[in-house]
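> These protein sequence lines map, in sequence, to chains A and B. In terms of this note's numbering, the first sequence has 406 at position 406, counting the first letter as 1, and numbering is strictly consecutive. Count along the second sequence from 1, then add 656; that gives the number in this note's numbering. The C-beta atom is built at its ideal place from N, Cα and C for all residues, glycine as well. Quick caveat: nothing in here was measured; it's all calculated off a predicted structure.
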Amino acid sequence: MFIPAEMSEVDIFCYQDDVEEVAQAVASLGVMHLMDANTLGKWGEDTGTAWSGRISTYAAYEARIRQLMERLGIAEESAVCEGRLDPRGDVARVAERLDAIQDQVNQLTEKVALLRRDIDRWGLTSRSLAILEPLSISLADLRTLEHVHMVAGTLPQENLARLEASLFRIPYNIIPLYRQGDRVLVFAFCAQEHAPILERALESAFLDPLALPDEYAGTAHDVRAQVEERIVLESQELETTQVALQHLAEDVAGELREMLVRVRGDHAMAEAMAHFGYRDQVYLIAGYVPTDEVPRLREAVEAVAGGRVTFEESAPYGPGQRTVPTLLRNGPLFRPMEALVSTYGVPGYDEIDPTPLVGVTFALMFGVMFGDLGSGLVLALLGALLMSRWVPSLERLAGAGVLFAACGLSSSIFGALYGSVFGIEDLIPALWLRPLDDIPRLLLASVGFGVVVLNLGFVAHLVTAARQKALLETLFDKNGVAGLLLYWSLGGLVLLPVLGYGMPWWLAGVAVVLAGSLMAGEPLTRRITGQKPLLTAPLGEFLVQSFFEVFEAVVSYLSNTLSYVRLGAFAVAHAGLSMVVFILAGMLGGGPAGAVLRVIILVLGNLAIIGFEGLIVAIQTLRLEYYELFGKFFKGAGVPFRPLTLPPIECGPEGL
Amino acid sequence: MAGMAGAFLPSPMAAARMAGANARVRGLAARLLSDAQWDDLLRAEGFRGALELLATTGYAEALAPLVGEANPSLRRVERQLWAASARNCWRAGALVQGTARSVFRAWWQHWELENLKTVFRGVHHGLDHQAVRDLLIPLEQRPGLPWDALLHESTVLGLIERTDGTHYVNPLRNAIPAYLRDETLFAIEVALDVRYYRDVAQAVQRLSGADRAPAQLLLETYIDILNVLWAYRYRIYYGLSPEEIVNYTLWRTWHTDADLVRDIALGASPQDVVARIWGDWRVDLSPLEGLAEGQMLPLLEKTLERYWRGLAVKAKRGFPFGMGVLLGYVILDELECRDVVRALEGKAIGWSPERIRQVLVRGEE
């Protein structure tokens, strides 16, 4: 807590034949944050481009497998990966099986598409024949009309007008009969001598002709019966093909799922191996490991490499040389609060982790601003519901549940202190004060709270600067020792006269000296550390710049402190808002209907207050954390610890 | 633009976005080749020399993937250049919002369409999927089609089914009977083109206010040009009947319609057609006088392309917070890319600088 996990820099040298085994052992433990090969000097020059190339291959296979599963209606589920991953060998095996399965699927799906299309076409033919049925003449006669040429077929609805515009050279008649989807069934007629023109125009309008094979003979009625029979037969074949496709899906579902898991694993391995250093058949796997995990990693690596591995552990390079990743280790209570910190930035390895501080102060400040026993309990219950993971669709918000619960509890405690329940101010006695009745005391208390929080910020800055062995930041920074003392001195200069102790001139002298030390911070530090020259800028420029820096520091002390007035102001606003809801409810008429409406207004008003005001208060709290508190000590320029891991897979008996 | 150039009093956010987009485009436009660079390119020693010179210009990023290759093929270089142009088009539209962004995305899709046609050609001619992949323009932007699945299809019908769920599937399905009948991809490519350019025109029509005018001038003029050129090509190169020509072109564009296409199909001269569309003073077709139809068409194409480029140059110099600047750049970039490809092809076959200059769309600036 407060301090990120201690890291060691680990270099693993292994022979190229063992690299996949070693990499899998490293990945399976999930404790090593890899360094990029580009940072490894000579080792980064020959890094395995083959692995970089394979990354896109695995990604392509992954996409193909997922598309195939989607076509077959196979859901993605966890699968057992038989045996160890074999990134090099898997490429060929997966490609071969994938091609074979895809061929089978293509054959069946193309057959399904063709049959569906045929059935649709025969359906349309049947409809056209139904129109001709009353004629009771042979279709053979229709095909051999002496003077009139007739074509039946479907074409895209959008092409019909253009088709008619194109037929400007011949007399014709086109009768649209029936619309199916975006196509329309048409009968087109023209004189026999114009048949070639009509035919070419229809073809270019994408007509799909409904040509009847010669075996269909007889009247339209007879042929229609035969066509209907054909539709039945093709529908049966379609059903059989779909069943075959379904069986195929069932047969290959397991294999595809395993393939997907395997390819994902291979993909992750390739991504990792592209980051390894390589020279003369030896791979260098370099990265950062939490120091307490190093023995476990060493044991696992040496076990799989059979002794053909060199394992070196050292302390990480100092700041400025390489960025050491940050692993935060907060307990289950504070872990969800890490999101509040990481939204601002990841703590640097040599910084303080402000998560616990944020966890406590966030809930406290939220409670002060949104003090209401009823609304707080609602929020707390909502938090408990989220934490319980009882509603599956809200499972991903389980972490936020802790935040809701903490803020809700804090809100209810302050609600009890303010004597407020769902905005009703006279239901319970106030254990401390009622915001609307004692505004000055509330605002002063808020500023007092702010002073405490800001002092915590000063302390956090001092600890961080001391950890970083930064003398200037420790002693002469506006948030360092001199800054803290100046803040207290200025506080004393304001408070002592107000409390009736008169003007402490000696304290004013101390404040001037401290301000001077802040101004002279840089040359003083350079003097202490023996650096020359003492001034890095001309004297005039230095004086002007450092004067305004100190002036800005004094102003920021004041503004940072006064910023906490909003704690009390929002508490007052909450009471005011609740009062508005009650006034609105009170304006409704009497009688049973009025009573029901009043209840509705009160419930809706409170829900709106919990939702909107809760959101605004949360934003204000975050603002106080980020700008007033974090500004004192937190840079957030760290890199999160992201260990090499494999995707979540279950492995078979010989698995990882 | 959802919001911006559509009104002269834009919201602050829209104005900021448009200012950002303009700043980005001005940065990108600075990478276009200068006259001096063009002169150097045309005088460069052969294909290799031209390539080395291009690597010192704004095309360095495009050619970066080829660094280290001893002799990159012309085809590979061309695909990298097209990819760069597609990337620039995407970047130019990335900062605008709403219907304006839809126009940029719709226009960008012509790169995707080129790749889709390449896949169809590859599958139709039985090429191996890796061979087809090597022919594709390497587009980095978000794919709208399942390329891996498409590349692994072995039949044209299978390919069509794999486009299910995209806006390409209906025109493709409509072209199936013609494909099965003729066993050529002509109908499929026509169906794709007609559908695509209709979509672009619709995207332009959805723009509002002051955004629509420059988009119409630049993009719908191009669609007009295409429609006219298609009609001439179908008549002169393919010998299609007037009915087929009407059916294989766009039904109605900004300045063309079935009547005009029908007149072209029946033998109207380019001078008459161009005068009807744009007026005879805007496009000078006097060099076409007396030429046979087969010789006339390439010159007509070049002249209309130059007219289009002129519109883009004007638009790029126009109102600095409008769509015109952005689209003008996109078109100039693409036309320059076409010219660079032509110049490289000319270099590869040993043409003189003067001979290459004749086939370029850009004139003396």
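1. Counting pairs of Cβ atoms below 8 Å between the stretch 444–459 of chain A and the stretch 583–599 of chain A, do you hit three or more?
2. The beta strand (DSSP E) with residue 150/A in it runs from where to where?
3. Are the stretch 781–791 of chain B and the stretch 737–754 of chain B touching by the rule of at least three beta carbon pairs closer than 8 Å?
4. Per DSSP, what kind of secondary structure is residue 687/B in: helix, strand or coil?
5. Would you list the one or two residues that DSSP bridges to residue 173/A?
6. Could you tell me which uninterrupted alpha helix (DSSP H) segments, each at least 4 residues in length, are contained entirely in the stretch 710–785 of chain B, listed from first to last along the chain?
7. Pull the bridge partners of residue 138/A from the DSSP assignment, please.
8. Spell out the partners DSSP gives residue 14/A in its beta bridges.
9. Using alpha carbons as the reference points, say which of 472/A, 278/A, 100/A lies closest to residue 42/A.
10. If the cut-off is 7 Å on Cβ atoms, which residues from the stretch 909–924 of chain B count as contacting chain A, listed in chain order?
11. Here's a check: name, in chain order, each residue in its chain whose Cβ is nearer than 8 Å to the Cβ of residue 269/A, leaving out the five neighbours to either side.
12. Where does residue 15/A land, buried or exposed, given buried means 16+ other C-beta within 10 angstroms?
13. Specify the secondary structure class of residue 531/A as computed by DSSP and reduced to three states.
14. Apart from the five residues just before and just after residue 157/A, which ones in its own chain have a Cβ nearer than 6 Å to its Cβ?
15. Any C-beta of chain A sitting closer than 7 Å to the C-beta of residue 785/B?
16. At a CB-CB cut-off below 7 Å, which residues of chain B make contact with residue 688/A?
17. State the start and end residues of the unbroken alpha helix (DSSP H) segment that holds residue 332/A.
18. Give, in chain order, every unbroken run of the alpha helix (DSSP H) that is at least 4 residues long and sits entirely within the stretch 839–885 of chain B.
19. What residues of chain B sit near residue 109/A, judged by a beta carbon separation below 7 Å?
20. Residue 907/B CB to nearest chain A CB: under 7 Å?
21. Count the C-beta pairs between the stretch 399–410 of chain A and the stretch 362–369 of chain A that are closer than 8 Å, then say yes if the count reaches three, no if not.
22. Which value, in whole angstroms, describes the spacing of the CA atoms of residue 980/B and residue 972/B?
23. Here's a check: name, in chain order, each residue in its chain whose Cβ is nearer than 6 Å to the Cβ of residue 155/A, leaving out the five neighbours to either side.
24. Using a C-beta cutoff of 7 Å, does residue 674/B count as contacting chain A?
25. For residue 165/A, decide whether its Cβ has a neighbour in chain B, counting only Cβ atoms nearer than 7 Å.
26. Is residue 571/A a contact residue of the ligand ATP, with contact defined as CB to any heavy atom under 6 Å?
27. Under 7 Å, Cβ to Cβ, is there at least one residue of chain A near residue 802/B?
28. Which partner residues of residue 7/A appear in the DSSP bridge assignment?
29. What are the start and end residues of the alpha helix (DSSP H) that includes residue 103/A?
30. So, is residue 128/A buried or exposed, given that buried needs 16 or more other C-beta atoms within 10 angstroms?
31. State the CB to CB distance for the pair residue 872/B and residue 934/B, rounded to an integer number of angstroms; the pair is presumed to be in contact (CB under 8 Å).
32. Should residue 32/A go down as buried or exposed, given a rule of 16 or more other Cβ atoms within 10 Å for buried?
33. Could you work out which residues of chain A lie near residue 809/B, taking near to mean beta carbons separated by less than 8 Å?
34. Looking at residue 299/A: is its Cβ nearer than 7 Å to the Cβ of residue 8/A?
35. How would you call residue 940/B, buried or exposed, if buried means at least 16 neighbouring beta carbons within 10 angstroms?
36. Would you say residue 281/A faces chain B, with C-beta separation under 7 Å as the test?
The relevant details are as follows:
1. No contact exists between the stretch 444–459 of chain A and the stretch 583–599 of chain A.
2. For the purposes of this step, residue 150/A is taken as residue 150 along the first sequence, with counting starting at 1. Element bounds for residue 150/A: 148–156.
3. No, the stretch 781–791 of chain B does not touch the stretch 737–754 of chain B.
4. Here residue 687/B corresponds to residue number 31 of the second sequence, with the count starting at 1. Assigned with DSSP and collapsed to three states, residue 687/B falls in coil, not helix or strand.
5. To locate residue 173/A, count along the first sequence from 1; it is residue 173. DSSP output for residue 173/A lists 189/A as bridge partner(s).
6. Segments of the alpha helix (DSSP H) lying fully in the stretch 710–785 of chain B: 716–719, 730–750, 754–780.
7. Stepping through the first sequence from its first residue, residue 138/A is reached at position 138. Answer by DSSP bridge pairing, in chain order: 219/A.
8. Numbered from 1 along the first sequence, position 14 holds the residue referred to as residue 14/A. For residue 14/A, which the question treats as bridged, DSSP gives the partners 283/A, 309/A.
9. The residue labelled residue 42/A in the question sits at position 42 within the first sequence. Minimum Cα distance to residue 42/A is reached at 278/A.
10. 914, 918: these are the residues of the stretch 909–924 of chain B whose beta carbon lies less than 7 Å from some beta carbon of chain A, given in chain order.
11. Numbered from its first residue, the first sequence carries residue 269/A at position 269. For residue 269/A, same chain residues with a beta-carbon under 8 Å away, outside a window of 5 residues either side, are 20, 23, 24, 27, 85, 87, 646 in chain order.
12. Locating residue 15/A in the first sequence gives position 15, where the first residue counts as 1. It counts as exposed.
13. As a position in the first sequence, residue 531/A is number 531, starting the count at 1. Collapsing the DSSP output to three states places residue 531/A in coil.
14. Taking the first sequence and counting its residues from 1, the one referred to as residue 157/A is at position 157. The beta carbon of residue 157/A sits closer than 6 Å to those of 182, 184, all from its chain and outside the five residues before and after it, given in chain order.
15. Your numbering for residue 785/B matches position 129 in the second sequence. Closer than 7 Å: no.
16. As displayed, chain A neither begins before 1 nor continues past 656, which places residue 688/A out of reach and without an answer.
17. The sequence position of residue 332/A within the first sequence is 332, counting from 1. Membership of residue 332/A in any alpha helix (DSSP H) is not indicated, and neither H nor E is assigned to it by DSSP.
18. Whole alpha helix (DSSP H) segments, 4+ residues: 842–861, 865–871.
19. Along the first sequence, one-based indexing puts residue 109/A at 109. For the C-beta of residue 109/A, the chain B residues within less than 7 Å are, from N- to C-terminus, 817.
20. One-based indexing of the second sequence puts residue 907/B at position 251. Interface residue, yes.
21. With a cut-off of 8 Å, the stretch 362–369 of chain A and the stretch 399–410 of chain A count as touching, because enough Cβ pairs lie within range.
22. Position 324 of the second sequence, counted from the start, is the residue given in the question as residue 980/B. Position 316 of the second sequence, counted from the start, is the residue given in the question as residue 972/B. Using only the alpha carbons, I get a separation of about 6 Å.
23. Against the first sequence, residue 155/A aligns to sequence position 155. The answer, listed in chain order, is 205, 206, 207.
24. What you label residue 674/B is simply residue 18 of the second sequence in a count that begins at 1. Output row for residue 674/B: interface = no.
25. Your numbering for residue 165/A matches position 165 in the first sequence. Closer than 7 Å to some Cβ of chain B, the Cβ of residue 165/A qualifies, so yes.
26. Absence of the ligand ATP is noted for the structure shown, with no ligands found whatsoever.
27. Counted from its first residue, the second sequence places residue 802/B at position 146. Contact with chain A is found for residue 802/B, since one of that chain's Cβ atoms lies less than 7 Å from the residue's Cβ.
28. The residue you call residue 7/A lines up with position 7 of the first sequence. Per DSSP, the beta-bridge partners of residue 7/A are 290/A.
29. Here residue 103/A is taken as the residue at index 103 of the first sequence, counted from 1. It spans 87–132 - the alpha helix (DSSP H) in which residue 103/A sits, taken as one unbroken run.
30. The residue you call residue 128/A lines up with position 128 of the first sequence. Counting Cβ neighbours within 10 Å, residue 128/A comes out buried, since at least 16 surround it.
31. As a working note, residue 872/B is residue 216 in the second sequence. As a working note, residue 934/B is residue 278 in the second sequence. So it is not a contact: roughly 14 Å between Cβ atoms.
32. Along the first sequence, one-based indexing puts residue 32/A at 32. So residue 32/A counts as buried.
33. Stepping through the second sequence from its first residue, residue 809/B is reached at position 153. Those are 106, listed as they occur along chain A.
34. By one-based count along the first sequence, residue 299/A stands at place 299. By one-based count along the first sequence, residue 8/A stands at place 8. Going by beta carbons, residue 299/A and residue 8/A fall outside the 7 Å limit.
35. Walking along the second sequence from the start, residue 940/B turns up at place 284. Burial call: exposed.
36. Stepping through the first sequence from its first residue, residue 281/A is reached at position 281. Closer than 7 Å: no.
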